[in-house]
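Peer 1:
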Amino acid sequence: MFILAATGSAVGLGNIWKFPYITGENGGGAFVLVYLVCIALVGIPIMMAEVLLGRRGRQSPINTMRLLVKDENAAKVWQFIGWSGVVAGFLILSYYSVIAGWALAYVLRAARGLFTGITAEASTAAFGELLSDPKQLMIWHTLFMVMTTVVVARGVKSGLEQAVRVLMPALFILLLLLVGYAMNSGGFSQGAAFLFSPDFSKITAGVVLTAMGHAFFTLSLGMGAIMVYGSYLPDDASIAKTSVIIALMDTGVALLAGLAIFPIVFANGLPTGAGPGLIFQTLPIAFGNMPGGTFFGTLFFLLLTFAAWTSAISLIEPVVAWLVENRRVSRPLAASLVGLLTWLLGIVTVMSFSAWAFEFTFINETKSNGMFDIFDILTANIMLPLGGLAMAIFAGWVMKRESTVEEFGGDGFAYKLWRFVLRYITPLGVTVVFLKAFGVFDAGS
Ligand code: PFF
């Protein structure tokens, strides 16, 4: 059940929507390689730490950190891990819901047969039309926030886990189908080469920061989502094994999405750096030109919405769980309040694609969707890595060794390897990437 819930949180828009588009914007293979290294050396060790903290505390992240700080005689500042997670979750969900709304809009478009025989130009234009229409975006954003709030309000767990058990494999199979289509699209070798042959001249400090930030985002790390689910993990389950399984499944889905999308990009002469609209511009071409495309297209965007939904639930669960624990608020009231605030903030993202759009430069890269890009950079590239860094230091240096050995279930080879990486490699890696990206090392040049 923990694996299902955590996989539901990890696999989402990050894998299918974000991974392909940021890979396209950051030059392909070299970015993918750095991302994979970050998953292995930063993501997996921190996931294990986060699960461990959650299982030891057995409460919402805020109260878990409060309890652990007391148990371990640590300084109170470590409690900020719980608080910053709540803020990050709120910010992420506000734009995540808008993008999930695009997926909902595409369910309807697919079902109406609008993809049939669609050309690359028509598909790009159709997406642009959605983006520039705040009214449509608001409708879908609202619907998605209502769906999310209702589930969190009811605290439905078992139903969701059953659904993950069936729908995740279905999503996986549809991705395989798309990869099959991509193989015959005429762009497969170019697409695969783009993804897997690294051109190291493309690597800059900003690219590395984006890859590392994405490792946190895609695995739902650094904000307490995995900590909440860790609090349900039975005492005898292996933290190491479950974390590795989740990370592998998550990475597998992302790579499949990349393999489905880039061949279509090349076969149709589309720009790899198309940005956040990439999958919405490319996949309709595939569905529109395959037999049964209306059916498969509808099903695909439904499953994508579902994957986004299970992630969204984990984004507000930490704060709702905390409100319910502490403030004697009912779950429905807590969920509605947080849902309403998130929905309101989401309006900023809705408008950032049209009337409120502005350009700015962040680490040598020009961004054109104003506040949406700022929320994304602030959360994925800054807040989650900082939260994760703090968790690594807390679990690796602040907690007593015996406490972590006990939770881990022994101090065999896996424990020693984990502890070494978590204490030295992970914190050093995250810190160096930050310092480099923010220009601290290049001060004189
Ligand atoms: N991991 C989710 C995705 O890849 O879509 C997004 C996410 C969920 C990020 C939960 C952070 C989080 F806490």
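Here the sequence shown is numbered in the numbering used here, starting from 554 and rising by one per residue.
Idealized CB from N, CA, C, for every residue including glycine.
(1) May I have the straight-line CA-CA distance separating F913 from R609, to the nearest angstrom?
(2) On the premise that G783 lies in contact with G607, defined as a C-beta separation below 8 Å, what is that separation, rounded to the nearest angstrom?
(3) Closest by CA to G596, which one among A768, M904, L729, L876?
(4) Select from G581, D789, I946 the residue whose C-alpha is nearest the C-alpha of T757.
(5) Please classify Y574: is it buried, with 16 or more other beta-carbons within 10 angstroms of its beta-carbon, or exposed?
(6) By the DSSP assignment, the alpha helix (DSSP H) with K989 in it spans what residues?
(7) With DSSP collapsed to three states, give me the class of K794.
(8) Is there at least one non-hydrogen atom of the ligand PFF closer than 8 Å to the beta-carbon of F697?
(9) Hey, quick one: how far does the beta strand (DSSP E) through K920 stretch, first residue to last?
(10) Helix, strand or coil: how does DSSP classify F915 here?
(11) CA-CA distance, R662 and V717?
(12) Taking all protein chains shown into account, do 16 or more other C-beta atoms lie within 10 angstroms of the C-beta of W631, making it buried, or fewer, making it exposed?
(13) Please report how far the alpha carbon of L823 lies from the alpha carbon of L975, in whole angstroms.
(14) For the alpha helix (DSSP H) holding S742, just list the boundary residues, first then last.
(15) Return helix, strand or coil for G846, following the three-state DSSP convention.
(16) Assign N934 to one of three DSSP states: helix, strand, or coil.
(17) Taking a contact to mean a Cβ-Cβ separation below 9 Å, would you say L857 touches I615 in this structure?
(18) Can you name the start and end residues of the alpha helix (DSSP H) that V951 belongs to?
(19) Could you check what DSSP says for A827 in three-state terms: helix, strand or coil?
(20) From the DSSP output, in three-state form, read off A559 for me.
(21) Using only the heavy atoms of the ligand PFF, determine whether one of them is closer than 8 Å to the beta carbon of M721.
(22) Using 8 Å as the threshold, is the segment 685 to 697 in touch with the segment 797 to 812, meaning 3 or more CB pairs across them?
(23) Quick test of the definition: if touching needs 3 or more C-beta pairs under 8 Å, does the segment 737 to 747 touch the segment 811 to 823?
(24) Cβ-heavy atom distance between I645 and the ligand PFF below 8 Å?
(25) Taking the straight line between their C-alpha atoms, what separation do you get for L876 and N737?
(26) Going by the beta-carbon positions, is the gap between V872 and V891 smaller than 9 Å?
(27) Just the C-alpha distance for P787 and G740, rounded to the nearest angstrom, thanks.
(28) Quick check on L621: buried or exposed, where buried means 16 or more other Cβ atoms within 10 Å of its Cβ?
(29) Give the single residue among A943, G830, F753 whose Cα lies nearest to the Cα of L586.
(30) Please tell me whether L831 and F853 are closer than 9 Å, where the distance is taken between their beta carbons.
(31) Would you call the CB atoms of I792 and L605 closer than 9 Å?
(32) Short of 7 Å in beta carbon distance, which residues of its chain neighbour G940, apart from the five on each side in sequence? Order them along the chain.
(33) For I799, is the beta carbon positioned less than 8 Å from some heavy atom of the ligand PFF?
(34) Alpha carbons only, please: which of I592, R954, A706 is nearest the one belonging to S883?
(35) Any heavy atom of the ligand PFF closer than 8 Å to the Cβ of T771?
(36) Following a CB-centred definition, is L937 positioned closer than 8 Å to any heavy atom of the ligand PFF?
Peer 2: Walking through what the data contain:
(1) 43 Å
(2) 3 Å
(3) A768
(4) G581
(5) buried
(6) 979 to 990
(7) helix
(8) no
(9) 918 to 920
(10) strand
(11) 24 Å
(12) buried
(13) 41 Å
(14) 741 to 749
(15) helix
(16) helix
(17) no
(18) Segment: none, V951 is in no alpha helix (DSSP H) and carries neither H nor E.
(19) coil
(20) helix
(21) no
(22) no
(23) yes
(24) yes
(25) 52 Å
(26) yes
(27) 47 Å
(28) buried
(29) F753
(30) no
(31) yes
(32) I634, S637, G638, A641, G775, M776
(33) no
(34) A706
(35) yes
(36) yes
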